[in-house]
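Numbering of the sequence shown is given in my numbering, commencing with residue 9 and proceeding in unit increments.
Note that CB positions come from ideal geometry on N, CA and C, so glycine has one too.
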Amino acid sequence: MLDIQSIREDFPILSHKVYNKPLIYFDNGATTQKPRAVVEKIENGYYNVNANIHRGVHFLSQEATEAHEEARKTVQRFLNARSAQEIIFTRGTTESINLVASSFTDACMSAGDEVIVSVMEHHSNIVPWQIQAARKGICLKVIPMNERGELQIDAYRQLFSERTRLVAVAHVSNVLGTINPVKELVEIAHEQGVPVLIDGAQSVPHMKVDVQELDPEFYVFSGHKVYGPTGIGVLYGKEEWLDRLPPYQGGGEMIATVSFEKTTFNELPFKFEAGTPDYIGSTALAEALRYVDRLGMEQIAAYETELLRYATEGLRTIAGARIFGEAAQKGAVLSFLIGDIHHYDMGMLLDRLGIAVRTGHHCAQPLMQALGIEGTVRASFSFYNTKEEIDTFIAAVDRVRKMFSL
Ligand code: PLP
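What follows is the structure in structure tokens.
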């Protein structure tokens with residue numbers, strides 16, 4: 009069992025007031041709050057361990073290098089990757105996907121080749137492929153979903169052709185909360201000899217992810233959504249695939265030798281880490297991963313599932329409530345509309361009551377088009393949220409409903 013009250017004390021921002029009301033932070037899908045240990049790690053990094061890494065012979069540089077490479081090992085253990093070389097630090101999910109889209113397309117795709125994505129992808133897993141489509145003439149194929157917001161596996165099977173080169177899908181939808189059956193999706197792709205990229209932005213913070221068990225070729229996530237700092241994220245890639253791909257950016261760190269005639273590239277993981285890496289961010293991310301590991305990913309998942317069940321039950325009691333995403337396997341994301349109240353009005357009024365939710369298309373406009381709506385209100389939960397907060401939230405949603413005389 010998690011001790012929520014003592015956990016909340018680790019997150020100073022949770023005791024803030026907004027508009028003189030206690031802050032209720034239900035925007036965890038966008039970014040999570042940071043525990044003291046993570047903030048202190050950043051502070052300590054800059055105060056005590058700051059020197060550019062990898063190239064320095066001096067004490068501080070070596071200490072900073074060790075901390076950065078130790079952080080890589082922490083990520084490796086967290087994802088259960090085979091080796092630390094399979095962990096590339098990036099700026100986040102978006103940059104990780106852009107890296108794969110660019111390098112994979114260059115190495116493995118030509119005009120007419122196909123990438124399979126799903127209807128519920130974040131723009132970060134659509135637009136990088138469209139950019140490559142414009143550059144190289146590749147095509148996107150889209151896995152549809154049923155009315156509960158679950159991917160249609162039979163339709164997915166039908167999408168494969170001899171031109172399919174990659175599948176790129178979200179583990180958990182940031183709008184619907186659907187937990188996609190990625191192990192099955194990977195198995196089906198592998199039967200066709202097709203590699204898979206999984207967007208883990210919304211899964212890594214909420215459930216145990218084991219890349220050897222799920223077996224995708226690439227798995228990506230953002231530090232800031234898993235209680236770490238902004239500006240750092242991860243690309244996991246199987247070594248044989250990362251070896252096959254060309255560098256994404258050129259510069260320092262990623263080279264072995266440079267002359268005006270010929271440059272040779274560094275080995276993994278440095279081949280993909282051009283320029284000075286965020287060596288303070290990496291150590292703070294590792295601290296965040298140690299924090300959630302201490303709580304236990306199973307306990308986190310169980311508690312958040314209970315919060316979701318409780319909130320869903322509460323919302324269903326409100327007249328005119330429509331919930332988007334009712335998959336059997338669902339993460340702690342609750343997207344909804346009440347009658348014809350605009351999502352933006354609902355978000356603004358909840359804000360005045362101290363409740364932070366997200367409104368709009370959630371960077372998933374194609375999904376909104378499939379649902380036939382412009383946007384939703386989204387409450388997304390974390391282990392530091394409580395049932396009391398959900399009670400306040402449900403009462404507030406109902407109060408807004410009454411204001412609109414619904
Ligand atoms: N993919 C999913 C499913 C997301 O929810 C998000 C962020 O909301 C992203 C990708 C993009 O993450 P970032 O902005 O941290 O790169």
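Buried versus exposed call for residue i [16 or more other C-beta atoms within 10 Å across all chains shown]
| i | result |
| --- | --- |
| residue 169 | exposed |
| residue 21 | exposed |
| residue 192 | exposed |
| residue 194 | buried |
| residue 408 | buried |
| residue 207 | buried |
| residue 145 | exposed |
| residue 211 | buried |
| residue 67 | exposed |
| residue 277 | buried |
| residue 4 | There is no way to answer for residue 4, as the model of the chain reaches only from 9 to 414. |
| residue 343 | buried |
| residue 11 | exposed |
Among the options, the one whose alpha carbon lies nearest that of residue i
| i | options | result |
| --- | --- | --- |
| residue 105 | 121, 85, 92, 140 | 140 |
| residue 237 | 42, 62, 65 | 42 |
| residue 53 | 329, 262, 79, 11 | 79 |
| residue 205 | 112, 68, 164 | 112 |
| residue 1 | 330, 305, 362, 239 | Residue 1 lies beyond the residue range present for the chain, which begins at 9 and ends at 414; the question has no answer from this structure. |
| residue 120 | 143, 396, 330 | 143 |
| residue 37 | 146, 182, 246 | 182 |
| residue 13 | 343, 393, 146 | 393 |
| residue 369 | 118, 55, 68, 128 | 128 |
| residue 136 | 150, 162, 108 | 108 |
| residue 83 | 132, 297, 23, 71 | 297 |
| residue 361 | 189, 372, 399, 257 | 399 |
| residue 330 | 27, 383, 162 | 383 |
| residue 93 | 270, 85, 70 | 85 |
| residue 18 | 166, 259, 300, 256 | 300 |
| residue 336 | 154, 47, 378, 27 | 154 |
| residue 151 | 290, 103, 178 | 178 |
| residue 101 | 319, 228, 75, 219 | 228 |
8 angstroms contact criterion, which residue i and residue j should meet: CB distance rounded
| i | j | result |
| --- | --- | --- |
| residue 96 | residue 243 | 4 angstroms |
| residue 338 | residue 316 | 7 angstroms |
| residue 186 | residue 333 | 6 angstroms |
| residue 283 | residue 269 | Actually they do not touch by this definition, with Cβ atoms about 23 angstroms apart. |
| residue 72 | residue 57 | 5 angstroms |
| residue 122 | residue 63 | With a Cβ gap of about 42 angstroms, residue 122 and residue 63 do not count as contacting. |
DSSP three-state assignment for residue i, whether helix, strand or coil
| i | result |
| --- | --- |
| residue 357 | helix |
| residue 403 | helix |
| residue 258 | coil |
| residue 265 | strand |
| residue 413 | coil |
| residue 202 | coil |
| residue 194 | helix |
| residue 286 | coil |
| residue 18 | coil |
| residue 272 | strand |
| residue 63 | coil |
Task: Whole beta strand (DSSP E) elements within the region 84-148, 3-residue minimum - done: 95-98, 122-126
Open item on the list: List, from N- to C-terminal side, the alpha helix (DSSP H) runs of 4 residues or more that fit wholly inside the region 207-235.
Closed with: 219-222
TODO: Pick out the complete beta strand (DSSP E) segments inside the region 294-366, 3 residues or longer, and give them in chain order.
DONE: Counting whole runs of 3 or more residues, the region 294-366 contains the beta strand (DSSP E) stretches 329-332, 341-346.
- [ ] Quick one: which unbroken beta strand (DSSP E) runs of 3-plus residues sit fully inside the region 144-191? Chain order, please.
- [x] 147-151, 172-178
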